[in-house]
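Undergrad: Going by the working numbering, the sequence shown opens with residue 56, and the numbers climb by one from there.
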Amino acid sequence: MDVELDIRTTARVDIVDVTDAVEDALPDGTETGLCTIFVPHTTAGVLVNENEPRLVSDFESLLERLVPSGEEYEHDAIDDNAAAHLRASILGESVTVPIADGALTLGTWQSILFVDCDGPRDRRLRVSVTTRESS
Ligand code: ZN
Numbered sequence: 056m057d058v059e060l061d062i063r064t065t066a067r068v069d070i071v072d073v074t075d076a077v078e079d080a081l082p083d084g085t086e087t088g089l090c091t092i093f094v095p096h097t098t099a100g101v102l103v104n105e106n107e108p109r110l111v112s113d114f115e116s117l118l119e120r121l122v123p124s125g126e127e128y129e130h131d132a133i134d135d136n137a138a139a140h141l142r143a144s145i146l147g148e149s150v151t152v153p154i155a156d157g158a159l160t161l162g163t164w165q166s167i168l169f170v171d172c173d174g175p176r177d178r179r180l181r182v183s184v185t186t187r188e189s190s
């Protein structure tokens, strides 16, 4: 089963908690399986970590330190967003979360965080669920 979620980001770098939206997208009757969350964009990524406001700010600072704005990147000659591509490549484009008893098996402090590196924009997120029989 595949579902697409629409996400509207509101800042150049915007970290959006999509955990509840992904949970809501799980089909009824899914007892055990795998949920893959895939970002079909080249300037956004996804990670699993804690949605704590100061930590979210720390992640934004980390991206800025790893791939600074204002540097000279070759791709900027085309559409001026090389830093966003490079940051997204560090984050990765998918995460997979096991499903048990019909729910995501995230740890207590884990959330699924969509990271737009080139917002604000309308974005999409693909949620794919693979089910298997419980044993
Ligand atoms: Zn580009």
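Even for Gly, the Cβ is constructed at its ideal location relative to N, Cα and C.
1. How big is the Cα-Cα spacing for Y128 and A137?
2. Run through DSSP, which three-state label would A158 get?
3. When you compare only the Cα positions, how much space is there between V122 and E105?
4. With a CB to CB cut of under 6 Å and the five nearest residues on each side skipped, what residues in its chain are close to M56?
5. Could you say which of T87, S116, F93 and V182 lies nearest to D156 if we only look at CA atoms?
6. Strictly closer than 5 Å from CB to any heavy atom of the ligand ZN: give me those residues in the order they appear in the chain.
7. Whole angstroms are fine: how far does the CA of L118 sit from the CA of I145?
8. Between which two residues does the beta strand (DSSP E) carrying S124 extend?
9. Among residues of its own chain, excluding the 5 on either side of D61, which ones have a beta-carbon nearer than 7 Å to its beta-carbon?
10. Classify I167 as buried or exposed, calling it buried when 16 or more other Cβ atoms lie within 10 Å of its own Cβ.
11. Which term fits G174, buried or exposed, when burial requires 16 or more other beta carbons within 10 angstroms of its beta carbon?
12. With DSSP collapsed to three states, give me the class of T74.
13. Along the chain, where does the beta strand (DSSP E) that runs through D131 open and close?
TA: Working from what's here:
1. One C-alpha to the other measures close to 6 Å.
2. Under the three-state reduction of DSSP, A158 is assigned to strand.
3. Near 22 Å, if we compare the C-alpha coordinates of E105 and V122.
4. Excluding sequence positions up to five before and after M56, its CB lies within less than 6 Å of the CB of P82 and V184, all in the same chain and listed in chain order.
5. Measuring from the Cα of D156, the nearest candidate turns out to be T87.
6. Working through the chain, the matches are D134 and N136.
7. C-alpha separation (whole angstroms): 9 Å.
8. No beta strand (DSSP E) contains S124, which DSSP labels as neither H nor E.
9. So the qualifying residues of the chain are D177 and R179.
10. Around the CB of I167, 16 or more other CB atoms lie within 10 Å, so the residue is classed as buried.
11. The residue in question, G174, is buried, as its Cβ has 16 or more Cβ neighbours within 10 Å.
12. Helix, per DSSP.
13. D131 -> not in any beta strand (DSSP E); alpha helix (DSSP H) instead, spanning D131 to D134.
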